[in-house]
Each structure stands twice: as structure tokens, then as C-alpha cells.
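A quick write-up on the structure given underneath.
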Amino acid sequence: MNRLHLAALLIASTLLPAASPGADAAKDAKQAFKPLINGEFDASPPGRPPAGWVAAYPTGSCVVATDGKDTFLRLTSAQAANAGMAQEVAVPPKAKTVAVLGRMRGKPQNEKTENRAAVEVALRYKDAQGGNINAAVVASKNSASWHTFRRELALPAGCAKIEVVVRSLFAVGTFDFDEVRVEFK
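Following the working numbering, the numbering of the sequence shown begins with 93 at its first residue and continues without gaps.
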């Protein structure tokens with residue numbers, strides 16, 4: 093083998109791994125199934141809606157807040173109506189379960205007069221076309237103090253996307269959410 097052939101072989105062998113379509117596909121797949129964006133709610137300045145999230149209901153106020161120590165999502169509702177934010181996440185191809193974790197606080201001011209008043213994190217399971225399959229409540233507790241939640245759920249057949257919703261239902265008051273995340277297995 094002459095020097096020209098050896099140089100060509102050496103150049104080709106160093107370029108092949110970088111041009112490998114398998115490496116790019118694996119990187120793209122990992123990015124396509126990343127978990128919730130901004131579940132710690134610190135990627136947005138206080139007083140603004142959180143980046144990566146959309147309003148789940150037309151009522152109530154949903155902004156990033158801080159107490160000087162933590163940054164979190166604050167839902168405020170002056171009327172017995174639903175308020176909240178949502179984010180849709182793609183389900184990885186071989187996932188069988190989803191775990192939803194985080195923390196929340198808030199006690200509805202109207203819980204004695206409105207028995208439907210609740211503060212919760214919910215999942216909406218969706219098919220590939222975006223149609224609803226069903227839903228599940230992950231955490232629901234009315235408490236003035238922070239409490240953590242973790243719940244693992246089986247994914248229903250045909251589930252391609254999950255919409256994570258942090259919300260207050262028929263509740264008057266101020267409600268906070270933080271460190272919300274999902275993990276697929």
C-alpha cells in the first residue's frame with residue numbers, strides 16, 4: 093500500500109464516525125424524548141408566564157413567582173373556576189410507565205362551600221393524532237405547606253403523548269407548584 097492510499101484510508105476512517113447516520117439518529121431520538129421543559133420554573137423571570145408551558149384554562153393568573161429562596165409557578169384564582177398550565181411530552185417508543193414527581197402547596201379558600209375545589213397535578217393521555225385516550229390525577233392535596241408527590245402509572249395502549257397539567261379546579265386562592273418532572277420506564 094502506498095502512502096497516498098494509506099493517507100486516504102486514514103482520512104476516511106476518521107470521518108466515518110462523525111458522518112455516521114446512526115449516531116445522529118440516536119442524538120435526535122434522545123432530544124425528541126426529553127422530559128418536561130422548565131419544570132423547576134426558573135427559566136422565566138418572576139411575574140411572567142413560565143417558558144415551555146401554555147395556559148390550560150382561560151381563567152386565573154399563572155405566573156412564575158419567588159419567595160427569595162425558591163422559584164415556582166403560582167396559580168391565583170379569584171373565582172370558583174379552573175386555572176392552570178400544561179405541557180405536552182412525547183412518550184418514548186418502548187416506555188411502559190410514567191412517573192410524575194414534584195411538589196405543591198395551596199389550600200382553597202372556598203373548600204367549605206365548594207366541594208369540587210381541588211389543587212392537583214393531572215395527566216391527559218393522548219394518541220398520535222392528539223386525541224384524548226383518558227386521564228389520571230397524579231397528586232391532589234390541599235395544604236398550606238409544601239408537600240412532595242410521586243406517582244408511577246402504567247401507560248395506556250396507544251399513548252404517544254402525555255399532557256401534564258398543574259391546576260386548581262373550582263378553587264379560590266393561591267396555589268404553588270415546583271420541581272415538576274416526568275420519568276419514563
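We put the CB at the ideal spot given by N, CA and C, even for glycine.
Beta-carbon gap between residue i and residue j smaller than 9 angstroms
| i | j | result |
| --- | --- | --- |
| Phe133 | Leu167 | no |
| Val213 | Val192 | yes |
| Ile222 | Lys186 | As written in the sequence, residue 222 is Gly, which differs from the Ile given in the question. Contact: no. |
| Val257 | Leu215 | yes |
| Ser169 | Gly152 | yes |
| Glu255 | Val190 | no |
Nearest-angstrom beta carbon gap, residue j and residue i [assumed within contact, 8 angstroms]
| i | j | result |
| --- | --- | --- |
| Val211 | Gly194 | Between Gly194 and Val211 the Cβ distance is about 12 angstroms, and since that is not below 8 angstroms, they are no contact. |
| Pro127 | Val181 | 7 angstroms |
| Asn202 | Ala148 | Not quite, the Cβ-Cβ distance comes to about 20 angstroms (not below 8 angstroms), so this is no contact. |
| Val155 | Gly176 | In fact, because the Cβ distance is near 12 angstroms, the residues do not count as touching under 8 angstroms. |
| Lys188 | Ala236 | With 8 angstroms as the limit, Lys188 and Ala236 do not qualify as a contact, their Cβ atoms being about 37 angstroms apart. |
| Leu261 | Asn174 | 5 angstroms |
Cα-Cα separation, residue i to residue j
| i | j | result |
| --- | --- | --- |
| Ala172 | Thr205 | 10 angstroms |
| Thr158 | Pro142 | 12 angstroms |
| Gly160 | Ser232 | 26 angstroms |
| Ile129 | Phe276 | 15 angstroms |
| Gln179 | Val272 | 11 angstroms |
| His239 | Asp268 | 11 angstroms |
| Asn234 | Gly250 | 33 angstroms |
| Pro200 | Gly265 | 5 angstroms |
| Asn226 | Lys218 | 7 angstroms |
| Arg242 | Ala228 | 13 angstroms |
| Met196 | Asp162 | 12 angstroms |
| Arg259 | Asn224 | 18 angstroms |
| Ala220 | Gly131 | 24 angstroms |
Residue interval of the beta strand (DSSP E) (run including residue i)
| i | result |
| --- | --- |
| Leu245 | Ser235 to Ala246 |
| Gln201 | From DSSP, Gln201 is part of no beta strand (DSSP E); its letter is neither H nor E. |
| Glu180 | Ala175 to Ala182 |
| Cys154 | Ser153 to Thr158 |
| Val257 | Lys253 to Leu261 |
| Val264 | Here Val264 belongs to no beta strand (DSSP E), and DSSP marks it neither H nor E. |
| Arg166 | Thr163 to Ser169 |
Three-state secondary structure assigned by DSSP to residue i
| i | result |
| --- | --- |
| Asp270 | strand |
| Gly223 | coil |
| Phe133 | coil |
| Leu128 | coil |
| Ala214 | strand |
| Ala191 | strand |
| Ala249 | coil |
| Ala39 | There is no way to answer for residue 39, as the model of the chain reaches only from 93 to 277. |
| Ala228 | strand |
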